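Chains as they are written, first to last, in my numbering: chain A, 32 to 237; chain B, 32 to 237; chain C, 32 to 237; chain D, 32 to 237. All residues carry an ideal CB built from backbone N, CA and C; glycine is no exception. None of the values given here were measured: they were computed from a predicted structure.
4 protein chains.
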Amino acid sequence: MPSPIETLTEYFSEFPGIGPRAARRFVYHLLSKDAEYAGALADAIRELKKSILQCRLCFRFFQNGASQKLCDICSDEHTDQSTLLVVEKDADFENIRKAESYSGFYFILGGAIPILEKEPAKKIRARELFDRVQERAKGGALKEVILAVGATMEGENTVLYISKILEPLAQKYNLKISSLGRGLSTGAELEYSDRETFTNALKNRS
Amino acid sequence: MPSPIETLTEYFSEFPGIGPRAARRFVYHLLSKDAEYAGALADAIRELKKSILQCRLCFRFFQNGASQKLCDICSDEHTDQSTLLVVEKDADFENIRKAESYSGFYFILGGAIPILEKEPAKKIRARELFDRVQERAKGGALKEVILAVGATMEGENTVLYISKILEPLAQKYNLKISSLGRGLSTGAELEYSDRETFTNALKNRS
Amino acid sequence: MPSPIETLTEYFSEFPGIGPRAARRFVYHLLSKDAEYAGALADAIRELKKSILQCRLCFRFFQNGASQKLCDICSDEHTDQSTLLVVEKDADFENIRKAESYSGFYFILGGAIPILEKEPAKKIRARELFDRVQERAKGGALKEVILAVGATMEGENTVLYISKILEPLAQKYNLKISSLGRGLSTGAELEYSDRETFTNALKNRS
Amino acid sequence: MPSPIETLTEYFSEFPGIGPRAARRFVYHLLSKDAEYAGALADAIRELKKSILQCRLCFRFFQNGASQKLCDICSDEHTDQSTLLVVEKDADFENIRKAESYSGFYFILGGAIPILEKEPAKKIRARELFDRVQERAKGGALKEVILAVGATMEGENTVLYISKILEPLAQKYNLKISSLGRGLSTGAELEYSDRETFTNALKNRS
């Protein structure tokens, strides 16, 4: 039977960006604390899964305040009905929300599609996105779906795939499918910009 | 009298990005070579200043092939007459040219304007740019000046300053003064994008 | 009341080397797993504190195999009785043990003493170390205490402090108090070595 | 014919640690200076090779002050006659001299011997070292040769090779051949020390 130190080291090694050495340091960190502290942490982990729900419309994680099934944005009648912004994951959503420059609905894809992926539909919530867009477009409120994914090869692949899937809805309901503008990101210098970035920045000049 | 090792170390310390330790290693590198090698390098340095001219229109450095005074772009009649792209320095020009997405004239500013700079006109070729734009606009060929500087605080400051200087010409000759588009540069991920980059990328979506 | 996401983010932010952003990613990692996984992790954390004991002689953490109170090294009669190697923390012990070049007893100080620390005795197990050394020296078995701390300012400060504390025992029982040799560590190059390292390496040449 | 920009970029690309991009920036740096500056730099490079000699005893580079053939250390009668410290290169010598903890003669090997090198004698001044040691030992003044090379695989390989070469002299003249002590270098922490470093530090404890 593996020692609890080994078991816990393995759990922590699965944390994003954590190797075995850092995982082991986490374990020693816990050992240096008293049993009460460890108990409280264990409780917080259990509590997380109990009290955090996933919104059935946008798939964001949110705290279940009043036994509702929808997150604060999806259930807020002041949310701009005309746009749906599609992101890869909750951390992207959080960062975007901080920018305070978007006021419509969101949708969490739950991933991106690697290049040459054989089963793209299994990597993201493709079916759920289709249903959600259809439902909102049917009523006539939704005008635009904004694909807000990274400017990476995976991201571009994901944009291609989703665009194809949403194409029938776009035609039927006269929806715009857009993606984020490319150009110089803050801090970019021209001496080090790649060809694609400059070409996009030139095209999008204003 | 300082030793030649010290003297040369100081010269190399002025090279961009080189500290005293690296400069010293350069000197030892030269010492490890024979006198012929050092002589050839010294010749190449002298030759550089002799055979490389600065274009009197765009201020790029270029090799004097046929005793002309203009660089290959400024003297090429196929160059697109309607646009002038303003960059900070030669290295920016070289990188942009590799992108092969621009076919008009260039202008090398020779620097950028730091925030709170008291004498901005001395930091860049402001007067020369004004004259060059006026000359090209007078004939009616020039339609747009594109300010292609980095998306940094210095860069934005430079854009503001140049825009103000060129304003009278823009009005008189109906010129467009544009700057490069902001948005996601290649490789950007939304989880780590700053507020400004996302906001620009959202605004420039397409 | 803070959300469980915030609560857990704060816990993870206390993990060594983890900032708020990485902590938040850990939380999303857990949210992406099912409740069973989270439960198992919570159990492993509780179990850690239950089944891992701290040896009452050397203060190492160890797994309680047979209800004993001593770790495998302190309870092993083959352990070399003549030396006691003092380290800062469990991770140091683990790394040293892997080197397989030491076969005596250990003692975990539980920390190091910062420069100018006003209450050094509270930073480390000074009292416990004194008692342990006295107990082993009284019987005549212990001949040497090896202070194996980092070659840092804190480490040197700790060596000074412990040496002073153990001085009476060293005299009374004719104990040697030693510390690890200084010199070139593996991979060190002379061009980049600091003055102290070279001077020590020269002194310890062989 | 390549442009002087290309030619000079290639020269600078041979400087230690400099890639093509940095080399190009050096060229633009020179272009931004006037011809006088470039001329002075070219002169300094020529001057370097003219006025810096290589000591015929220790092979250090030194400035030819009074038409002498020996460097200040080799020609100084106060230099400790009993030790000769062998280093790889001038930069090592400079760093060691700053430590001010050695007062004997030096010898610059001019390199190190890579693992599996087929012609080790061509990589370093093996013959010259043998002669120099023999000459100093014959008179009876030299007592010890200190091999001060990096604690790297190349360095250890070099120590092995030189030790073998000097072995006959060591026996004949009762010379000590030593190498720098291994152990914790300044700043080293035990949690991250490799097995060899700890083992050496334990062996060299004091």
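Extent of the continuous alpha helix (DSSP H) run through residue i
i	result
Asp225/D	Neither: Asp225/D is in no alpha helix (DSSP H) and is coded neither H nor E.
Phe57/B	51–63
Ser82/B	66–82
Gln165/C	157–169
Phe43/B	35–44
Ala152/C	Ala152/C -> no alpha helix (DSSP H), and no H or E assigned at all.
8 angstroms Cβ cut-off: residues of chain B touching residue i
i	result
Gly121/D	First, the amino acid is wrong: residue 121/D is Asp here, not Gly. Those are Tyr59, Leu62, listed as they occur along chain B.
Asn126/A	Leu221, Glu222, Tyr223, Ser224, Phe229
Per DSSP, the bridge partner or partners of residue i
i	result
Arg128/D	Arg128/D is not bridged to any residue.
Arg213/A	Leu215/B
Ile139/A	Val118/A
Lys207/A	Glu175/A
Gln94/A	Ile83/A
Neighbour list for residue i in chain D, Cβ cutoff strictly below 9 angstroms
i	result
Leu233/C	Leu116, Ile127, Ala130, Ser132, Tyr133, Ile177, Ala179, Leu211, Gly212
Unbroken beta strand (DSSP E) run spanning residue i, endpoints
i	result
Glu187/A	Segment 184–204 is the alpha helix (DSSP H) holding Glu187/A; no beta strand (DSSP E) there.
Val176/A	175–178
Thr114/D	111–118
Option nearest residue i by Cα separation, candidates the options
i	options	result
Ala172/B	Leu115/B, Phe57/B, Lys195/B	Leu115/B
Ile144/A	Phe124/A, Arg156/A, Ile177/A	Arg156/A
Gly181/C	Gly218/D, Thr189/D, Glu175/D	Gly218/D
Glu78/B	Thr40/D, Lys207/D, Arg236/D	Thr40/D
Asn188/A	Pro199/A, Glu150/A, Glu220/A, Glu222/A	Glu150/A
Leu191/B	His109/B, His60/B, Leu147/B	Leu147/B
Gln165/A	Lys153/A, Lys100/A, Val118/A, Leu88/A	Leu88/A
Arg128/B	Arg52/B, Glu159/B, Arg91/B, Leu160/B	Arg91/B
Asn205/C	Thr183/C, Glu175/C, Val118/C, Thr230/C	Glu175/C
Ser224/D	Asn126/C, Ile193/C, Lys154/C, Ser224/C	Asn126/C
Ile76/D	Phe46/B, Asp111/B, Tyr42/B, Asn95/B	Tyr42/B
Arg163/D	Ala232/D, Lys234/D, Leu197/D	Leu197/D
Arg158/A	Lys207/A, Leu200/A, Ala232/A	Leu200/A
Val118/B	Thr228/A, Asn235/A, Glu222/A	Glu222/A
Glu131/A	Asn95/B, Ser237/B, Thr230/B, Glu131/B	Thr230/B
Where residue i meets chain B, residues with beta-carbon distance less than 7 angstroms
i	result
Gly141/A	Those do not exist, as Gly141/A stays about 14 angstroms from chain B at its closest Cβ, beyond 7 angstroms.
Thr217/A	Ala182, Asp225, Glu227, Thr228
Listed by chain order, chain A residues near residue i by CB distance under 9 angstroms
i	result
Gln94/C	Ser34, Pro35, Ile36
Contact set between residue i and chain C, taken where Cβ atoms lie within less than 7 angstroms
i	result
Gly70/A	Arg77
Ser82/A	Pro35
Amino acids of chain C, ordered along the chain, whose beta-carbon sits closer than 9 angstroms to that of residue i
i	result
Pro47/A	Ala53, Arg56, Phe57, Tyr59, His60
Leu39/A	Leu72, Ala75, Ile76, Glu78, Leu79
Neighbour list for residue i in chain D, Cβ cutoff strictly below 7 angstroms
i	result
Arg236/C	Ile177, Ser209, Ser210, Leu211, Gly212
Tyr42/B	Leu72, Ala75
Residue i: contacting residues in chain A (beta-carbon distance under 7 angstroms)
i	result
Ala66/C	Lys80
Cross-chain neighbours of residue i in chain B, by beta carbon under 9 angstroms
i	result
Tyr137/D	Going along chain B, no residue has its Cβ under 9 angstroms from Tyr137/D, so there is no contact; the nearest lies around 15 angstroms.
C-beta neighbour in chain F for residue i, strict 8 angstroms
i	result
Leu200/A	Of the protein chains in the structure, A, B, C and D, none is chain F.
Worksheet item: Quick one: any contact between the region 67–85 of chain B and the region 35–42 of chain D, if contact means 3 or more CB pairs under 8 angstroms?
Response: yes
Worksheet item: Does the count of Cβ pairs from the region 202–216 of chain B and the region 209–218 of chain A closer than 8 angstroms reach three?
Response: yes
Worksheet item: Is it a yes or a no for the region 67–78 of chain C touching the region 115–128 of chain C, going by three-plus beta-carbon pairs under 8 angstroms?
Response: no
Worksheet item: Contact between the region 130–140 of chain C and the region 90–106 of chain C: three or more CB pairs below 8 angstroms?
Response: yes
Discussion item. Using a Cβ distance threshold of 8 angstroms, determine whether the region 51–65 of chain D contacts the region 50–68 of chain B, with at least three qualifying pairs required.
Written reply: no
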